[in-house]
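Chains as they are written, first to last, in this note's numbering: chain A, 135 to 642; chain B, 4 to 392. We treat Cβ as the ideally placed atom computed from N, Cα and C, and that holds for glycine. Being a predicted model, the structure only gives us computed values, none of them experimental. Here is the structure we will look at, set down as structure tokens.
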Ligand SMILES: Cc1cc2nc3c(=O)[nH]c(=O)nc-3n(C[C@H](O)[C@H](O)[C@H](O)COP(=O)(O)OP(=O)(O)OC[C@H]3O[C@@H](n4cnc5c(N)ncnc54)[C@H](O)[C@@H]3O)c2cc1C
């Protein structure tokens, strides 16, 4: 069979690194999956990106750290120690014979299929703080958990405004939280539990602030907080955070009351971490609890890729789902059926977005305000808007078809920044849904792209690429004669060969 | 406008179809663009944004029109003139200098420059530069903004775009195309322009016309923003790409993957095909091209589908039969050429010939007699699947 000599086939090598069962995420679901798979006799690799590189944390990836980390995050060895000490399941996984790799990030999932037939096997892209490499797998279990969801309010771009999952991580995993006086936004279970944890850890919990008129979570948890003297301010549509050089200094309630604090922690619920699946074109869909994978049991739409734990968006026991995924991978057993969470998180987050004024920045990386988003305003570096541009808006775009977040990204740049839209993906979708007269769960979805962590060129680069890749590298398709100047064709110069389009290296 | 009042229908809301429709609307005609998805969501919104096609008969018009496009359209395209192409190997340097010599031969300003001059224009380049060329013509624009600019400008002139409307087949009667069958019913027409990218082959086959195309995926990566360089249109080292006006570095190049087609198009759905681990080989070359940017983070990769004719050159043609059909496939160079290709297409539709460029070598009949298995003969087909589902 003839093959185009410079096409991709044969140029992506089979990785030297390979796992029979690869588990991503060493939380309760991932560790349970890894241990179970190892007990069933599989060769298991378990990776977790924690301890995170401080560089990623500074970019609010994968969680919304809001710059409230102590210098402890600069000491990876100590973070590693704390992380292992705080999670006995990791030691258990070691003992069960699992190849546990901490500080290793999975940034891409590549599954052969129509359109990607040139791949020699299923593989993921991994990296640590030194290099990146590919790792093949027979079965992949994604147990990537959740990430923080952000909703804008005046002052949310201050240092010290952060997500609840990030706060949990800094307090429990790393002992590296730099704040002392805390206001929590929200009153659902996540907010209430975060408040109780803060008290337990000896932090000063100034108050909880709720946009709606009622406490949203378990009344018993709320009662524990109020009996500890923590105020829960309800019906706060119009609050703002003010800060100074070191970030947050106070939160002002709508009646003017000032709450002095150094940290404002948003706890409106997390989003299932579906980046890897979505970037690989695995099926996902909207649900009341956010964007979730389309699952058959624990199987994703990509063959031999399973999900377990919180990243499924299902109501299930994390450890049990991890073990079920392991049995499914190793033994092929059918799994437990679980229903998607019906908690209407998107509706709740949408309610928080309601009072936001048009001058509030929604996309921090690219500095796009709500007003600019609604106007579909081109970025300021393109100069003043023309009359025609001024007549265009989200409303006029919606006359042409349903809202499309990838289109809005391209035009306004909202969601195009270095945080890879971790801080604004949900809120931009909610704003667009509302503008289109749709419910919060009917909003558009901005697709994820590999690498799903922002990684430096030099680290992502394949410095050991195969000789054939280098030898035959061409800027474009290399079709003979395609670039012969038009005015030469039909003259005696038509056959003139340009200087050869050359190999970069010639050691092949 | 035809006596019946039926519109000129354009299939495909990519840059080619939209530009053609916009030129037709400028000439006062009623146009309707049918787009199966969202405008510009295929190759037209996913390319390198380059506009320096010295090999094309449309080159002069490409160079003449681009500097005027923002004003003509009324919306920003992010167009920036001039390019620096530079080399880290003697072979590349020889090739880039050959390209500049062709530019000079065509009457455009182009200089050979040394390593120091490269670094002045492209400060993120490093000590590994051997030299390069500085083209005072050519340039780059933002593909997505440009697509939307065409679409909006077309609407401003009264043209109509129907998104999420896909054409299944052409309907002929009495030697003419009279209508298209779409997902929203039959639509009558006066003249039909097929500018459906990779899908044009399948659509034309329903009218008995043979347009040979091979489909492949091409990939790009983009970094976080860097400080703006004096010349953003800087590439080389086997890469094409640019620094956007926001500062991001966006580059592509290297091996492509051939794809198979089914009734829905290239078998690589959804619209955004996934990228491959080629991302790492691209990252390496960008880090080598611009070593002072090697610390910048890659924040996205993406892929687009390119249709190639057997000789890698566009088809822009109004075949004699049926008489009311114009075909355009830009075969991998369509973004940069779009201001000119659209104008050429509009002239073919209205006058039957193009008055500013010789399109004689872009006719469909140059492929008459091509073996039906021409793609297999060249290996322009999907790789045999190695991995079972
Ligand atoms: C990675 C990459 C880099 C590139 N770099 C450059 C570059 O730097 N410079 C350059 O000039 N070119 C470049 N190109 C090529 C360029 O993008 C294309 O040549 C150009 O976009 C083609 O535009 P088009 O409108 O002809 O086709 P397309 O963009 O493919 O548009 C065709 C449209 O038709 C629609 N359609 C298809 N079938 C139907 C149907 N049945 N009914 C209704 N609608 C239908 C599609 O949805 C699509 O929107 C690059 C391409 C890629 C992928």
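Determine, using beta carbons only, whether residue i comes closer than 8 Å to chain B.
i: residue 490 of chain A; result: no
i: residue 287 of chain A; result: no
i: residue 516 of chain A; result: yes
i: residue 140 of chain A; result: yes
i: residue 502 of chain A; result: no
i: residue 251 of chain A; result: yes
i: residue 633 of chain A; result: yes
i: residue 559 of chain A; result: no
i: residue 291 of chain A; result: no
i: residue 535 of chain A; result: yes
i: residue 552 of chain A; result: yes
i: residue 426 of chain A; result: no
i: residue 435 of chain A; result: no
Tell me whether the beta-carbon of residue i lies closer than 8 Å to the beta-carbon of residue j.
i: residue 155 of chain A; j: residue 276 of chain A; result: no
i: residue 180 of chain A; j: residue 168 of chain A; result: yes
i: residue 193 of chain A; j: residue 588 of chain A; result: yes
i: residue 496 of chain A; j: residue 428 of chain A; result: no
i: residue 343 of chain B; j: residue 68 of chain B; result: yes
i: residue 317 of chain B; j: residue 332 of chain B; result: yes
i: residue 200 of chain B; j: residue 143 of chain B; result: no
i: residue 163 of chain B; j: residue 516 of chain A; result: no
i: residue 197 of chain A; j: residue 299 of chain A; result: yes
i: residue 364 of chain A; j: residue 292 of chain A; result: no
i: residue 616 of chain A; j: residue 315 of chain B; result: yes
Using only the alpha-carbon positions, how far apart do residue i and residue j sit?
i: residue 326 of chain A; j: residue 338 of chain B; result: 54 Å
i: residue 61 of chain B; j: residue 340 of chain B; result: 7 Å
i: residue 91 of chain B; j: residue 125 of chain B; result: 14 Å
i: residue 282 of chain A; j: residue 490 of chain A; result: 19 Å
i: residue 97 of chain A; j: residue 536 of chain A; result: The structure shown does not extend to residue 97 of chain A, since chain A is modelled only from 135 through 642, so no value can be given for it.
i: residue 369 of chain A; j: residue 377 of chain A; result: 23 Å
i: residue 211 of chain B; j: residue 259 of chain B; result: 30 Å
i: residue 222 of chain B; j: residue 313 of chain B; result: 21 Å
i: residue 98 of chain B; j: residue 279 of chain B; result: 28 Å
i: residue 18 of chain B; j: residue 152 of chain B; result: 10 Å
i: residue 390 of chain A; j: residue 372 of chain A; result: 10 Å
Please confirm if residue i has its CB atom under 8 Å from at least one CB of chain A.
i: residue 271 of chain B; result: Note that residue 271 of chain B has pLDDT 49, beneath the 50 cutoff, so the model's placement of it is unreliable and no number is given.
i: residue 111 of chain B; result: no
i: residue 215 of chain B; result: no
i: residue 279 of chain B; result: yes
i: residue 304 of chain B; result: yes
Where does residue i land, buried or exposed, given buried means 16+ other C-beta within 10 angstroms?
i: residue 379 of chain A; result: exposed
i: residue 147 of chain B; result: buried
i: residue 518 of chain A; result: exposed
i: residue 487 of chain A; result: buried
i: residue 271 of chain B; result: Note that residue 271 of chain B scores 49 on pLDDT, short of 50, meaning its location in the model is unreliable; the coordinates nonetheless yield the value given after this. Per the 10 Å Cβ criterion, buried.
i: residue 78 of chain B; result: buried
i: residue 136 of chain A; result: exposed
i: residue 455 of chain A; result: buried
i: residue 419 of chain A; result: exposed
i: residue 294 of chain A; result: buried
i: residue 590 of chain A; result: buried
i: residue 273 of chain A; result: buried
i: residue 430 of chain A; result: exposed
Report yes if the C-beta of residue i is less than 7 Å from at least one heavy atom of ligand 2; otherwise report no.
i: residue 304 of chain B; result: The model on display carries ligand 1 but not ligand 2.
| task | Pull out every residue of the stretch 582-603 of chain A whose Cβ sits closer than 7 Å to any Cβ of chain B, in chain order. | result | Those residues of the stretch 582-603 of chain A that come within reach of chain B (Cβ to Cβ, closer than 7 Å) are 583, 584, 585, 588, 589, 590, 591, 592, 594, 595, 596, 597, 599 and 603.
| Where the stretch 231-251 of chain B meets chain A: residues whose CB sits under 7 Å from a CB there | Result list: 241, 242, 243, 248 and 249.
| task | Could you please tell me which residues of the stretch 47-64 of chain B, in chain order, have their CB closer than 8 Å to any CB of chain A? | result | Correct list: 48, 57, 58, 59, 60 and 62.
| query | Using a beta-carbon distance cut-off of less than 7 Å, what residues from the stretch 103-136 of chain B approach chain A? | reply | Close to chain A, meaning a Cβ-Cβ distance shorter than 7 Å, are the following residues of the stretch 103-136 of chain B: 105.
| Taking Cβ-Cβ distances below 7 Å as the criterion, which residues of the stretch 322-348 of chain B are in contact with chain A? | When CB distances to chain A are screened at a threshold of 7 Å, the residues of the stretch 322-348 of chain B falling below it are 335, in chain order.
| field | Near-chain B residues of the stretch 612-629 of chain A - C-beta to any C-beta below 7 Å | value | In summary, the residues of the stretch 612-629 of chain A whose CB is separated from some CB of chain B by less than 7 Å are 613, 615, 616, 617, 618, 619, 620 and 623, in the order they occur in the chain.
| Relative to chain B, which residues along the stretch 397-418 of chain A have a C-beta separation below 8 Å, given in chain order? | Within the stretch 397-418 of chain A, the residues whose Cβ lies closer than 8 Å to some Cβ of chain B are 413, 414 and 415, listed in chain order.
| request: Scan the stretch 75-88 of chain B for residues whose Cβ lies nearer than 9 Å to a Cβ of chain A and list them as they occur along the chain. | output: Flagged, chain order: 76, 77, 78, 79 and 81.
| query | Listed in chain order, which residues of the stretch 363-385 of chain B have Cβ atoms closer than 9 Å to some Cβ of chain A? | reply | For the stretch 363-385 of chain B, residues whose beta-carbon sits nearer than 9 Å to a beta-carbon of chain A comprise 364, 379, 380, 381, 382, 383, 384 and 385.
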